[in-house]
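Remarks on the structure that follows.
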Amino acid sequence: MRLIKVKNYEDMSQKVAEMMMEKIRESNKINLGLATGGTPKGTYKKLVEAYEKKTISFQHVTTFNLDEYVGLAPNDPNSYHYYMNESLFDHVDIQTSNTYIPNGIAEDLKEECVQYDHLIKISGGIDLQILGIGQNGHIGFNEPGTSFESGTHIVKLDESTINANARYFNRLHDVPTHAVTMGIQSILQSKEIILMVSGEEKSNALQRLLNGEVTEDFPASALKNHPNVYIIADEKALSSVFVS
Ligand code: F6R
Numbered sequence: 006m007r008l009i010k011v012k013n014y015e016d017m018s019q020k021v022a023e024m025m026m027e028k029i030r031e032s033n034k035i036n037l038g039l040a041t042g043g044t045p046k047g048t049y050k051k052l053v054e055a056y057e058k059k060t061i062s063f064q065h066v067t068t069f070n071l072d073e074y075v076g077l078a079p080n081d082p083n084s085y086h087y088y089m090n091e092s093l094f095d096h097v098d099i100q101t102s103n104t105y106i107p108n109g110i111a112e113d114l115k116e117e118c119v120q121y122d123h124l125i126k127i128s129g130g131i132d133l134q135i136l137g138i139g140q141n142g143h144i145g146f147n148e149p150g151t152s153f154e155s156g157t158h159i160v161k162l163d164e165s166t167i168n169a170n171a172r173y174f175n176r177l178h179d180v181p182t183h184a185v186t187m188g189i190q191s192i193l194q195s196k197e198i199i200l201m202v203s204g205e206e207k208s209n210a211l212q213r214l215l216n217g218e219v220t221e222d223f224p225a226s227a228l229k230n231h232p233n234v235y236i237i238a239d240e241k242a243l244s245s246v247f248v249s
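Using our numbering, the letters of the sequence shown map in sequence onto residues 6 to 249.
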């Protein structure tokens with residue numbers, strides 16, 4: 006894992022957008038793995054700004070999102086479909102048919118999971134995966150205890166994750182209890198991974214990731230088994246971390 010230190014959220018967003026654009030520009034066809042949540046919002050904003058300045062095109066880009074809540078339709082403002090359309094897809098020249106997000110209202114959710122991994126595989130795999138991290142070390146919605154061998158699957162969200170995500174919903178009660186998420190193995194199959202970490206509330210998780218052991222109790226530690234991971238972390242996220 007290579008750690009890149011940046012000053013703040015703004016700089017992290019800029020840096021990651023630049024890294025993504027470099028990859029997009031140097032390829033004729035690229036598969037991106039995307040995350041939602043607060044962390045990548047600024048990066049998507051930078052990508053939209055670059056598109057508006059005509060310095061980047063997404064015509065040859067295919068995207069696979071990490072996860073979606075079970076029970077939320079794509080037009081639900083709290084769904085990750087909605088988030089992606091609003092944050093990125095509606096504002097750039099990506100072909101809608103090239104954007105994939107797990108279907109949280111699929112009739113057969115288990116089959117949806119199998120098909121999602123299959124789709125990623127037959128598309129040639131993910132070239133660059135963007136990740137955020139939960140305070141409990143989750144990546145995607147892979148909560149502590151998830152097998153490192155896991156493919157896309159249905160998860161019951163941890164209470165801490167439900168509480169952390171409640172800020173996006175009107176009431177705590179409205180936060181879905183389950184999600185479909187790419188598994189740890191699905192994530193590790195990406196050729197390159199960028200983990201974004203910003204803010205003091207993530208500093209304990211970052212400390213454990215950098216200095217702790219590899220264990221299924223801390224899902225992000227699986228990234229230590231991957232040969233090509235960049236961590237882009239800001240000063241607040243690094244505030245509890247001893248780095249030489
Ligand atoms: C979202 C995702 C999650 C988030 C994590 C951090 O697609 O996969 O793992 O990255 O929950 O969320 P934020 O960025 O809101 O702190």
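Built from N, CA and C at the ideal position, the CB exists for glycine as well.
Just to confirm, does HIS143 get its C-beta within under 7 Å of one of the non-hydrogen atoms of ligand 1?
-> Between ligand 1 and HIS143, a heavy atom-to-CB distance of less than 7 Å is present.
Starting from ARG176 and walking both ways along the beta strand (DSSP E), at which residues does that stretch end?
-> Taken as a continuous stretch (DSSP letters only), ARG176 belongs to no beta strand (DSSP E), as it is neither H nor E.
Would the C-beta of GLY47 count as close to ligand 1, meaning under 7 Å from any of its heavy atoms?
-> Outside the cutoff, so no.
So what's ASP239 in DSSP terms, helix, strand or just coil?
-> In this structure, DSSP gives ASP239 an extended state, which the three-state scheme calls strand.
Just grab the DSSP bridge partners of ASP72 for me.
-> THR186, per the DSSP bridge assignment.
Taking GLY47 as part of the beta strand (DSSP E), name the residues at either end of that continuous run.
-> It is not in any beta strand (DSSP E) - GLY47 instead sits in the alpha helix (DSSP H) that spans 46-57.
Kindly indicate which three-state DSSP category GLN100 falls into: helix, strand or coil?
-> Note: GLN100 maps to coil in three-state DSSP.
Please report how far the alpha carbon of VAL21 lies from the alpha carbon of THR48, in whole angstroms.
-> VAL21 and THR48: Cα-Cα distance of roughly 6 Å.
Considering VAL21, what are the terminal residues of the alpha helix (DSSP H) in which it resides?
-> Per DSSP, the continuous alpha helix (DSSP H) segment holding VAL21 begins and ends at 14-30.
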